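For the sequence shown, our numbering begins at -15 and goes up steadily by one.
Glycine included, every Cβ here is placed at the ideal spot set by N, Cα and C.
A quick note: this is a predicted structure, and the numbers were derived from the prediction, not measured.
Let me begin by presenting the structure, written as C-alpha cells, before commenting on it.
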Amino acid sequence: MAQNPAPQPALSWSIVGQGAIGLLAACRMQQAGFDVSLWLRTPRLLTIKFAHRQLQFQPASAPISAVLIPVKSYAVTEAVQTLLPAMASDAQLVLSHNGMGTIEQVKPMLAPGHGLWFLTTTHGALKQPDTVQHTGTGSSTLAALNNAAKVKQQQVLQAMDIALGPVTLTDNIQPALWQKLAINAVINPLTALYNCRNGELAAQKYHQHIEALVTEVCKVAAACGYPMSAHSTLQTVLRVISSTAQNFSSMQQDLAHGRRTEIDAITGYVVQQAAHHNISVPHNQALLEQILLRQQQRY
Ligand code: KPL
C-alpha cells in the first residue's frame, strides 16, 4: 500500500541582506515560529519593527541549511560566493530578484547536494530605518531548479508560503520570469528615465513606446522557447502600471539615489538574448543605452 512520506523537519533559515522584501520574509517567518537569522556583510544582531512588534534577528552562522537570497541581480554571485564556505552539503538556496541571467551563473558554483530554487514575487515592502512595512499584498511563484532541490521540496515550499505566500509551485520558472521581465523592461527604465511614479506611464503619450517595448520582448521570449502573446502581455503590463500607480519603481529609486540599477539583468538581458537570436530590438536597445548613460553620470 502506498504510504504518505514522513513529514520532514523544518529547516532553519538565513536571509541575505536587509532589503525590504528579505526583511518582510524574515519577520513573517519568525512570527510563524521559524528559526530565522540574517546574513549581513557585517554580522550583528538586528532589531526590526514590523506590524507594531520589535523582532530580533541573530547573525547567521555555519552550517547554513537554507537561505533566501533576495538581493539585487548584480549582487547574487558575490553573495553565493561568500555563503559557500558556510553552507551545509545539502543546503537549499532560493534566489529572488528582478531580471534574468543569474541562474546560469549560480548553478556551476554549487556542490552536487546544494538545492537551487527561484522565487518570483509580487509582494511589496517598504523599509525605513529599523522598520519594515508590508505595502502591497501579493503572491509568489516558486520552482526547484535542480534535483537536490526536489528532495527538500516540502520544507522549502512550506517556508516560502509563510514568507511570501501564497506560493504556486511550478516545474518551469522560465515563463513566469519572462512575464515579469516584460513588466520590468517597460516600467522600470521608463519610470527611471522620466523620473515618475509607475502610474504616470498610463498617459496616452507613452502608449506607443510601451507597445513597441512589449512587442520586442515577446519576440525575444518566443525565440528563447517561451512564446508570449504581445496583446495579453501588454494588458498585463498596463494592469501592473495601474495596480502599482502610486509606487516609484525600484529602478527609479536606484537612479534617483545614485545607486547602481538592475538594467543589465532586465533590458540588458533582453538585448543580449535578442543578439543571440539575431532579432532587432531597437526600442529596448535605445532604452538600455539611455539608462546606462544616466547611471554613469550619477553612480
Ligand atoms: O517590480 C517592480 C519594481 O519596481 O521593480 C514593479 C512591478 C515595476 C513595481 O514597481
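Give the single residue among 1, 8, 233, 203 whose Cα lies nearest to the Cα of residue 82.
Nearest option by C-alpha distance: 233.
Count Cβ pairs between the segment 28 to 37 and the segment 128 to 139 that sit closer than 8 angstroms; are there 3 or more?
Flag = no, the segment 28 to 37 and the segment 128 to 139 do not touch.
Return the CA-CA distance between residue 164 and residue 106, expressed in angstroms with no decimal places.
Computed Cα separation, rounded: 9 angstroms.
Is it buried or exposed, residue 17, if we count other Cβ atoms within 10 angstroms and call 16 or more buried?
When all chains shown are included, residue 17 counts as exposed.
Counting only runs that start and end within the segment 76 to 137, where is the alpha helix (DSSP H) found for 4 or more residues in a row?
Entirely contained in the segment 76 to 137, the alpha helix (DSSP H) runs reaching 4 residues are, in chain order, 86 to 90, 131 to 134.
Express the C-alpha separation of residue 218 and residue 236 in angstroms, rounding to a whole number.
The straight-line gap from Cα to Cα measures roughly 21 angstroms.
Between which residues of its own chain and residue 13 is the CB-CB distance below 7 angstroms, once the five residues before and five after are set aside?
Only -3, 20, 143, 146, 147 meet the Cβ criterion.
Applying the 10 Å Cβ sphere with the 16-neighbour rule, what's the burial state of residue 182?
Label assigned to residue 182: buried.
Determine, using beta-carbon pairs with one atom in the segment 194 to 213 and one in the segment 249 to 260, whether at least three such pairs fall under 8 angstroms.
The answer is yes - the segment 249 to 260 touches the segment 194 to 213, with three or more Cβ pairs under 8 angstroms.
Using the beta-carbon count (16 or more within 10 Å), is residue 189 buried or exposed?
Residue 189 comes out exposed.
Could you name each continuous alpha helix (DSSP H) segment of 4 residues or more that falls completely within the segment 31 to 68, going from the start of the chain to the end?
Segments of the alpha helix (DSSP H) lying fully in the segment 31 to 68: 60 to 67.
Going by other Cβ atoms of all chains shown within 10 Å of its Cβ, with 16 needed for buried, is residue 280 buried or exposed?
Burial call: exposed.
Helix or strand or just coil, what does DSSP make of residue 171?
DSSP places residue 171 in helix when its eight states are reduced to three.
Counting only the same chain and skipping the five closest in sequence on each side, list residues whose C-beta sits under 8 angstroms from that of residue 114.
31, 32, 33, listed in sequence order.
Taking 7 angstroms as the cut-off, is the beta-carbon of residue 201 closer than that to any non-hydrogen atom of the ligand KPL?
No, Cβ of residue 201 sits at least 7 angstroms from all heavy atoms of the ligand KPL.
Taking buried to mean at least 16 other C-beta atoms within 10 Å of its own C-beta, is residue 91 buried or exposed?
So residue 91 ends up on the exposed side.
Can you tell me which of 207, 212, 239 puts its alpha carbon nearest to the alpha carbon of residue 177?
Residue 239 is the option with its Cα nearest to residue 177.
Over what stretch of residues does the alpha helix (DSSP H) that includes residue 225 continue unbroken?
214 to 227 is the extent of the alpha helix (DSSP H) around residue 225.
Mind the definition here: the segment 68 to 86 touches the segment 47 to 55 only if three or more C-beta pairs lie below 8 angstroms; say whether that holds.
Yes, the segment 68 to 86 touches the segment 47 to 55.
Say whether the segment 115 to 129 touches the segment 83 to 102, bearing in mind that this needs 3 or more beta-carbon pairs closer than 8 angstroms, one atom from each stretch.
Because the criterion of three Cβ pairs below 8 angstroms is met, the segment 115 to 129 and the segment 83 to 102 touch.
Using only the alpha-carbon positions, how far apart do residue 271 and residue 95 sit?
C-alpha separation (whole angstroms): 38 angstroms.
I need the DSSP call for residue 152, collapsed to helix, strand or coil.
Correct three-state label for residue 152: strand.
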